[in-house]
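Chains as they are written, first to last, in the numbering used here: chain U, 24 to 225; chain F, 24 to 225.
Structure first, commentary second.
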DNA sequence: CGTTATGTGTACCGACCTGTTTGGTTAACG
DNA sequence: CGTTAACCAAACAGGTCGGTACACATAACG
């Protein structure tokens, strides 16, 4: 317990602490390499409590992935001060040394397409592509769905390749994205003085 | 070997059988989910023999990855009956439901950039990009290194995304590749009657 | 106050993992 | 033939895994 003077009772927010620790540990070291004991220690929670909140590790993993939904690419789609084209390109402005996309990681590590977390990953990926397509439509793309799918593929490629090569691949992906976007939007839509590609081409 | 009437003797080729079983099992179910016992059974080899040929599982995994080198994208780079442009696009003609690129899988599963297999994966990815760049140079690209890196990124993206979505993403990647290639090659190099993109655009 | 959730710590279970050891068998070769 | 190197089967060792059981402590609320 080690409580005493300044009552360090962990309190009622066990579930939140569990999910917080899960987010940190799963992203840092992967899912399979993170044991429940370690997770309990990091969350300052007893094992009993974890299994009281989650049916098992699989459930916890699925919930950990669902938690990403609310903050889907924060500041990318909802920035009204940027043009649609700028918003599309903003999806590639990830801080350097961002860990592998957790959905790709889960799909690879769990290796079961029917795992609840894998299904969650599919849903998320489709949602991202849909939002990209939506923005692509705003930008005036002739085939928004195709452009959205293409940009989503670029993001996944940059994420996976960054992991394998251990060096940031998002600038290269952004350069491709710029080409695709300009190729998909009829010339009339291009803003005058558009600085397309500057400082992005790798 | 497997001689004799009811040839129960597995023979001398133990190492090859081990690597063969490793290739099949690691690709089918992943590295972490494949135990040494299962691998021994599949290779019809005793555990003792495995550890006589390989210092440990890590060594075996690394050797399993090195085995891919000789047949790097067979029939892609060495087909002289195709134009350079066709060879570049051929890299995206993978049979449907091809499992995840083993190098990406290893890098994600092992999760340690210093693991011998991870270093092997990096080397391989760089080699592929280099060969693509080489072919891009033949095709007359203005910046072959950039195009090679871009195409490599597309391949990785298609592989990873195919895994997550559980549906073939290589056609979409090929469509992007066609755009990038044509964008990177000065107009003069384009062959007359070039059927660019036909039957590839998703 | 007493009750009821909710939490704690610890020990434990069976399963599986990588890796080792033992003792015996078989094939190949001089 | 005899020697040797490769192999096999099976038990074992030590560790970690996900998950459970038990007895106890605390917080919130009536």
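All C-beta atoms in this analysis are idealised placements derived from N, C-alpha and C, irrespective of residue type, glycine included.
**Prompt:** What is the C-beta distance between residue 133 (chain F) and residue 54 (chain F), in whole angstroms, given that I count them as a contact (C-beta under 8 angstroms)?
**Reply:** Taking the first residue of the second chain as position 1, residue 133 (chain F) is located at position 110. Taking the first residue of the second chain as position 1, residue 54 (chain F) is located at position 31. Contact annotation, residue 133 (chain F) with residue 54 (chain F): C-beta distance approximately 7 angstroms; criterion of less than 8 angstroms satisfied.
**For residue 208 (chain U), the first and last residue of its enclosing alpha helix (DSSP H)** = For this step, residue 208 (chain U) is matched to residue 185 along the first chain. Unbroken run through residue 208 (chain U): none, as it is neither H nor E.
**Request:** Would you mind stating whether residue 143 (chain F) and residue 183 (chain F) have Cβ atoms separated by less than 8 angstroms?
**Result:** On the second chain, position 120 is the one that residue 143 (chain F) refers to. On the second chain, position 160 is the one that residue 183 (chain F) refers to. Taking 8 angstroms as the Cβ cut-off, residue 143 (chain F) and residue 183 (chain F) do not qualify as a contacting pair.
**Item:** chain U within 8 angstroms of residue 209 (chain F), Cβ atoms only
**Value:** Within the second chain, residue 209 (chain F) is the residue found at index 186, counting from 1. Not an interface residue.
**chain F contact residues for residue 122 (chain U), given Cβ-Cβ distances below 9 angstroms** = What you label residue 122 (chain U) is simply residue 99 of the first chain in a count that begins at 1. Chain F residues near residue 122 (chain U): none, gap ~10 angstroms exceeds 9 angstroms.
**Prompt:** At a CB-CB cut-off below 7 angstroms, which residues of chain U make contact with residue 134 (chain F)?
**Reply:** Locating residue 134 (chain F) in the second chain gives position 111, counting from the first residue. Chain U residues near residue 134 (chain F): 52, 53, 56.
**Request:** Hey, could you find the ends of the alpha helix (DSSP H) residue 158 (chain F) is sitting in?
**Result:** Numbered from 1 along the second chain, position 135 holds the residue referred to as residue 158 (chain F). Element bounds for residue 158 (chain F): 139-161.
**Asked** Hey, is residue 234 (chain F)'s beta-carbon within less than 8 angstroms of any beta-carbon in chain U?
**Response** Because chain F in this structure spans residues 24 to 225, residue 234 (chain F) falls outside the shown range and cannot be described.
**Request:** Measure from the C-beta of residue 126 (chain U) to each C-beta in chain F and report whether the shortest distance is under 8 angstroms.
**Result:** Locating residue 126 (chain U) in the first chain gives position 103, counting from the first residue. For residue 126 (chain U), the answer is yes, since a Cβ of chain F falls inside 8 angstroms of its Cβ.
**Message:** Residues in the same chain with beta-carbon distance under 6 angstroms from residue 124 (chain U), minus the five sequence neighbours each way, listed in chain order, please.
**Reply:** Within the first chain, the letter at position 101 stands for residue 124 (chain U). These residues qualify, in order along the chain: 182.
**Message:** For residue 186 (chain F), report the span of its alpha helix (DSSP H) as first-last.
**Reply:** As a working mapping, residue 186 (chain F) is identified with position 163 in the second chain. Residues 167-188.
**Request:** Taking residue 154 (chain F) as the reference, give the member of F:135, F:163, F:130, F:172 with the closest Cα.
**Result:** Taking the first residue of the second chain as position 1, residue 154 (chain F) is located at position 131. When the alpha-carbon of residue 154 (chain F) is set against those of F:135, F:163, F:130, F:172, the nearest one is in F:172.
**Request:** Can you say whether residue 120 (chain U) is buried or exposed, counting buried as having 16 or more other CB atoms within 10 angstroms of its CB?
**Result:** In the first chain, the residue the question calls residue 120 (chain U) occupies position 97. Classification of residue 120 (chain U): exposed, given that the 10 Å Cβ count is below 16.
**Request:** Spatial neighbours of residue 80 (chain F) within its chain, please: CB distance less than 7 angstroms, with the 5 preceding and 5 following residues excluded, ordered by chain position.
**Result:** Looking up residue 80 (chain F) in the second chain gives position 57. So the qualifying residues of the chain are 59.
**Request:** For residue 190 (chain F), collect the residues of the same chain with a Cβ closer than 8 angstroms to its Cβ; drop the 5 residues on either side in sequence, then sort them by chain order.
**Result:** For the purposes of this step, residue 190 (chain F) is taken as residue 167 along the second chain, with counting starting at 1. Nothing listed; no residue qualifies.
**Item:** Counted within 10 angstroms of its Cβ, other Cβ atoms place residue 118 (chain F) as buried (16 or more) or exposed
**Value:** For the purposes of this step, residue 118 (chain F) is taken as residue 95 along the second chain, with counting starting at 1. Exposed, because fewer than 16 other Cβ atoms sit within 10 Å of the Cβ of residue 118 (chain F).
**Item:** Cβ-based contacts, 7 angstroms cut-off: residues of the region 139-158 of chain F near chain U
**Value:** If the cut-off is 7 angstroms between Cβ atoms, the region 139-158 of chain F has 144, 145, 148 near chain U.
**Item:** Residues near residue 70 (chain U) by beta carbon distance below 6 angstroms, same chain, minus five either side
**Value:** On the first chain, position 47 is the one that residue 70 (chain U) refers to. The residues 63, in chain order, have a CB closer than 6 angstroms to that of residue 70 (chain U) in the same chain once the five nearest residues on each side in sequence are set aside.
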